[in-house]
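With my numbering, you'll find the sequence shown wraps up at 925, consecutive numbering, no jumps. Using N, Cα and C, we set each Cβ at its ideal position, and we do this for glycine too. Remember, it's a predicted structure, so these values are computed and weren't measured experimentally. To keep things clear, I will list the structure first and then write my remarks on it.
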Amino acid sequence: MIRNLIALIVVLSLPVFIIAQGDLQNSQNSESPSSEWPLLKTYTGEYLSEVAMPLGGIGTGTVSIGGRGDLRDWELGNRGALGWTPGVKLVEPTIANAPFFALYFKEKGTAKGQLRLLEGPISESKYYGDWGCDAYNAGFPRFEEVEFKAAYPLAQLSFKHKNVPLDVNLKAFNPMIPGDEDNSSIPVAILTYSVKNNSDKVMEFAVCGMIPNYIGIDGWGGKTNQNENEFKDESSLKGLYMFSNGVDSTDVNWGTMALSTNSSGKVTYRTSWAKLGWNWTFREFIDDFTTDGELVNLGFNADARDFNTGDMLGEEMKNKEKYSIPTPPATLSVKETIAPGEEKEVTFYITWNFPNRRGWDLGKSWYGNFGTKEIVGNYYSTKYKDAWDVAQKVNNNIITLEKKTVDFVSAFCESDIPESIKEAALFNSCNLRSQTVFQTAEGYPFGWEGTGSVQGTKLGASKNAGWGLGTCTHVWNYESTIPFLFGDLSMKFREVEFLHATHDNGAMSHRVGLPLNEKAKSFKHWAADGQMGTLIKVYRDWQLSGNDEKLQEMWPYIKKAMSFAWKGIWDTNKDGVMEGSQHNTMDIDYHGPNPQMAAWYLGALKASIEMADYMGDKAFKKECEVLYKKGSSWVDANLFNGEYYEQIMPENHNKVAQLGKGCLVDQLVGQYLAHTTGLGYVLDKAHVSKTLESIMKYNWVEDFNNHTNTFRSFGLGDEAGLIMASYPKGELLDFPFPYYTEIMTGFEYSTAVHMIYEGQTENGEKVFEAIRNRFDGKKRNPFNEGEYGHRYARAMAAWGGVIAWTGFEYSAVTKTMKFTDKAGKYFWSNGYAWGMCEVSKGGDDYRVHLEVLHGKVALNTFQLGEHKAHSFKKTNSVEEGESLMFKYKL
Numbered sequence: 036m037i038r039n040l041i042a043l044i045v046v047l048s049l050p051v052f053i054i055a056q057g058d059l060q061n062s063q064n065s066e067s068p069s070s071e072w073p074l075l076k077t078y079t080g081e082y083l084s085e086v087a088m089p090l091g092g093i094g095t096g097t098v099s100i101g102g103r104g105d106l107r108d109w110e111l112g113n114r115g116a117l118g119w120t121p122g123v124k125l126v127e128p129t130i131a132n133a134p135f136f137a138l139y140f141k142e143k144g145t146a147k148g149q150l151r152l153l154e155g156p157i158s159e160s161k162y163y164g165d166w167g168c169d170a171y172n173a174g175f176p177r178f179e180e181v182e183f184k185a186a187y188p189l190a191q192l193s194f195k196h197k198n199v200p201l202d203v204n205l206k207a208f209n210p211m212i213p214g215d216e217d218n219s220s221i222p223v224a225i226l227t228y229s230v231k232n233n234s235d236k237v238m239e240f241a242v243c244g245m246i247p248n249y250i251g252i253d254g255w256g257g258k259t260n261q262n263e264n265e266f267k268d269e270s271s272l273k274g275l276y277m278f279s280n281g282v283d284s285t286d287v288n289w290g291t292m293a294l295s296t297n298s299s300g301k302v303t304y305r306t307s308w309a310k311l312g313w314n315w316t317f318r319e320f321i322d323d324f325t326t327d328g329e330l331v332n333l334g335f336n337a338d339a340r341d342f343n344t345g346d347m348l349g350e351e352m353k354n355k356e357k358y359s360i361p362t363p364p365a366t367l368s369v370k371e372t373i374a375p376g377e378e379k380e381v382t383f384y385i386t387w388n389f390p391n392r393r394g395w396d397l398g399k400s401w402y403g404n405f406g407t408k409e410i411v412g413n414y415y416s417t418k419y420k421d422a423w424d425v426a427q428k429v430n431n432n433i434i435t436l437e438k439k440t441v442d443f444v445s446a447f448c449e450s451d452i453p454e455s456i457k458e459a460a461l462f463n464s465c466n467l468r469s470q471t472v473f474q475t476a477e478g479y480p481f482g483w484e485g486t487g488s489v490q491g492t493k494l495g496a497s498k499n500a501g502w503g504l505g506t507c508t509h510v511w512n513y514e515s516t517i518p519f520l521f522g523d524l525s526m527k528f529r530e531v532e533f534l535h536a537t538h539d540n541g542a543m544s545h546r547v548g549l550p551l552n553e554k555a556k557s558f559k560h561w562a563a564d565g566q567m568g569t570l571i572k573v574y575r576d577w578q579l580s581g582n583d584e585k586l587q588e589m590w591p592y593i594k595k596a597m598s599f600a601w602k603g604i605w606d607t608n609k610d611g612v613m614e615g616s617q618h619n620t621m622d623i624d625y626h627g628p629n630p631q632m633a634a635w636y637l638g639a640l641k642a643s644i645e646m647a648d649y650m651g652d653k654a655f656k657k658e659c660e661v662l663y664k665k666g667s668s669w670v671d672a673n674l675f676n677g678e679y680y681e682q683i684m685p686e687n688h689n690k691v692a693q694l695g696k697g698c699l700v701d702q703l704v705g706q707y708l709a710h711t712t713g714l715g716y717v718l719d720k721a722h723v724s725k726t727l728e729s730i731m732k733y734n735w736v737e738d739f740n741n742h743t744n745t746f747r748s749f750g751l752g753d754e755a756g757l758i759m760a761s762y763p764k765g766e767l768l769d770f771p772f773p774y775y776t777e778i779m780t781g782f783e784y785s786t787a788v789h790m791i792y793e794g795q796t797e798n799g800e801k802v803f804e805a806i807r808n809r810f811d812g813k814k815r816n817p818f819n820e821g822e823y824g825h826r827y828a829r830a831m832a833a834w835g836g837v838i839a840w841t842g843f844e845y846s847a848v849t850k851t852m853k854f855t856d857k858a859g860k861y862f863w864s865n866g867y868a869w870g871m872c873e874v875s876k877g878g879d880d881y882r883v884h885l886e887v888l889h890g891k892v893a894l895n896t897f898q899l900g901e902h903k904a905h906s907f908k909k910t911n912s913v914e915e916g917e918s919l920m921f922k923y924k925l
């Protein structure tokens, strides 16, 4: 976008201040989106096998685009179903067909055209099953090579074959615009296939997509009943609307889907296929499509009597029932003609609306007393009438949706941040837009610890649609993605915790039941780390938003939650140190003072001091200050052993499932979160720095071939990572806490982020790189870092790496902004606005160019590194499309 620069000289304490005002854009679709999509990571060959990038919005469910170009992991409904694809037997007997997109092409004026599935080679691991190749759509001719370029949520795939005289590419995405929750919560997968003619002949091509109407089933059960597809042609949108006339409208699997296109090419369709049995149903479709790249609609009642099959099929195939195929394939084709050297695009929308979510649905049942068979709904479903309505609204705004998404990802990828940190932060943000997270109809967000797969695990419990109900506070404490990308959504999480899950005595249920008004507090257990973390997070979210009204509304519950630390069972002698039974994220109860709970407690006290001061609550501020000072000095004096902090276990207490003298990977996690919120140090800076050095020294495993792990294995072979605990001083307990030999990415990320904050950037980068090397597309999916389930919430701690590296802080309360003083160009986001900040050195001074690409920010002061903050004489509001450029004198 070309900006009209307007230079304004403003009298400030800074020498020169220039506002560059952009040619602001409205939301009209008159402007073309960026033709070039950004790139962060490329996967080819054997590194494609595990790649599956989810396409879907916040709380909408997803379908994933696989490394070879296939659509897999169909989780559009209301339950996590990783690994499930609606491969259905359209008729019996036959093999199953699954959703696909295929290419027809031929030289114009010649005989029958060629067909290729728009996918690359099938993994050799699928070659050998009970019935031969154990992969859907294996019989199609396909492309020889695929290249997958990713910068979530943008995927670019190139298909190559030596006998195809066309360049064939795919762009796939779902809109993601930080600060714009609604436009980042759209139930759509947008697929744009581009075809370029490399020959010297005029060519015809057609792209055809098929999705079976499987409404009524979702990988966990259910049944279709009178499913039907209807062709629609409305307002530049053509396609097939999928619905059911027989599935109960209150069923968890009831809903609508649509496959549509906005193409100006020749659109043909089939509302179903012919019921012919054996492989003839599929054969008849191929013959039809490859004749001319167009489809002849047979309707719902085509059967053997419409074809010359003789007596081969038997009477069961000879019927005129409307619903003869239970999952009628919605099939849509777009045909184009292209001259030599010409390129054309065909865009498809896959949209859906499944409104009937139940509370904490495991797939087979709901989660005991903490869930419900009653419908709690989906927020996104309140925004759309049905799947066709989704498609129409997306199509009406597609230019803006794509442009804003590309602008965001481009700015992020252009940042001077190490590639491993950018990859970890951006790719793990997909967890927010997976089945791990949902929003009930009233708009409140909730999260599993991780989502489930239909395969389950042979090592542990039975398979579940989700693992770890209730937005578990001691897990969700670690994530630093949502507040900096979607501030309003983050604040809604806080509302659930304080306004709904906090009891009258200040105890907070660390897992929230549903429905919210009936069962929020039904889980009557409290986690010391979880509860303390929420106090730091509510301070952070208030600072980022400047929402005094929400702080005032929650303040009585914030005070109760904080004071429960000494009025409850944790710090009964009220000395600023927890000695009581402290349930925590290790799924055990610590007894006696320990560093992990100590840092959480001190961070919560410091956050409470700041909030109490703002609220004018002098008595509570003083109470927290006394405890904070006592606790901080005591912990440094008594728990730090010269290298790291350790637990002091009570003399006569059971030592089972404790830490003891172990060096814990996240012993300073409360300090990590305090840094990301701008609270500063809660423990001695020198001790903190030494502790992180010790964690790297003692917990780093260079080669897991040489490591004994007694529990779940997340690191294998020659992979590297930070294990949960080490015992360099001996005294390994006979029965230590169970996870001590494991690695888990969320714990590694939070520690690596903290290392970067302490200036130990080499070690921090090393940890980030080790994790992402484990998720390289060959061994594991780069878009699925698991722990207790898939796409685990704690992995969203990775965004903290962006915050730490750039030194970004923002307070909407004081209207201050801060960055590192290292020269570079940095993406920034406060959850409401985002843009770029370029810092350069000129002589003894710095030059700053702050750009707002979305939203707006207000500034009173600006700071680089630990240099003295500079104040403006008046508040400056920087709007979307505007820039601030000024000299920063030291």
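Sheet register partners of residue i (DSSP bridge)
i, result
"residue 224", "385"
"residue 232", "201"
"residue 291", "388"
"residue 863", "870"
"residue 193", "182 and 204"
"residue 434", "Bridge partners of residue 434: none, in fact."
"residue 489", "Its beta-bridge partners do not exist; DSSP assigns none."
"residue 318", "Paired residues: none, contrary to the question."
"residue 699", "760"
"residue 932", "There is simply no residue 932 to check, as the chain begins at 36 and stops at 925 in what is shown."
Beta-carbon proximity of residue i to residue j, cut-off 8 Å
i, j, result
"residue 527", "residue 544", "no"
"residue 706", "residue 768", "no"
"residue 297", "residue 272", "yes"
"residue 837", "residue 460", "yes"
"residue 388", "residue 414", "no"
"residue 30", "residue 679", "Outside the displayed range of the chain (36 to 925) lies residue 30, so it cannot be described from this structure."
"residue 222", "residue 305", "no"
"residue 360", "residue 125", "yes"
"residue 589", "residue 529", "yes"
"residue 204", "residue 220", "no"
"residue 129", "residue 314", "yes"
Cα-Cα separation, residue i to residue j
i, j, result
"residue 42", "residue 756", "At residue 42 the pLDDT is 32, less than 50, meaning the model places this residue with poor confidence; the figure from the coordinates comes in the next sentence. Cα to Cα, residue 42 sits roughly 51 Å from residue 756."
"residue 188", "residue 794", "31 Å"
"residue 723", "residue 93", "36 Å"
"residue 922", "residue 294", "53 Å"
"residue 65", "residue 482", "Confidence at residue 65 is low in this model, with a pLDDT of 34, below 50, so the placement of that residue should be treated as unreliable; the coordinate-derived value is given next. Roughly 38 Å separates the two Cα atoms."
"residue 424", "residue 623", "48 Å"
"residue 184", "residue 206", "10 Å"
"residue 216", "residue 439", "13 Å"
"residue 260", "residue 385", "22 Å"
"residue 427", "residue 179", "36 Å"
Supposed close pair residue i, residue j - CB separation, criterion 8 Å
i, j, result
"residue 448", "residue 457", "7 Å"
"residue 325", "residue 147", "6 Å"
"residue 278", "residue 252", "That pair is no contact at about 15 Å."
"residue 690", "residue 764", "Between residue 764 and residue 690 the Cβ distance is about 16 Å, and since that is not below 8 Å, they are no contact."
Closer than 8 Å to chain C by CB, residue i
i, result
"residue 150", "Protein chains in the displayed structure number just one, and chain C is not present."
Residue i - DSSP class collapsed to helix/strand/coil
i, result
"residue 598", "helix"
"residue 212", "coil"
"residue 353", "Legend: pLDDT at residue 353 = 47, less than 50; position of this residue unreliable, value from coordinates given subsequently. Residue state, collapsed to three classes: coil."
"residue 79", "strand"
"residue 250", "coil"
"residue 268", "strand"
"residue 137", "strand"
"residue 679", "coil"
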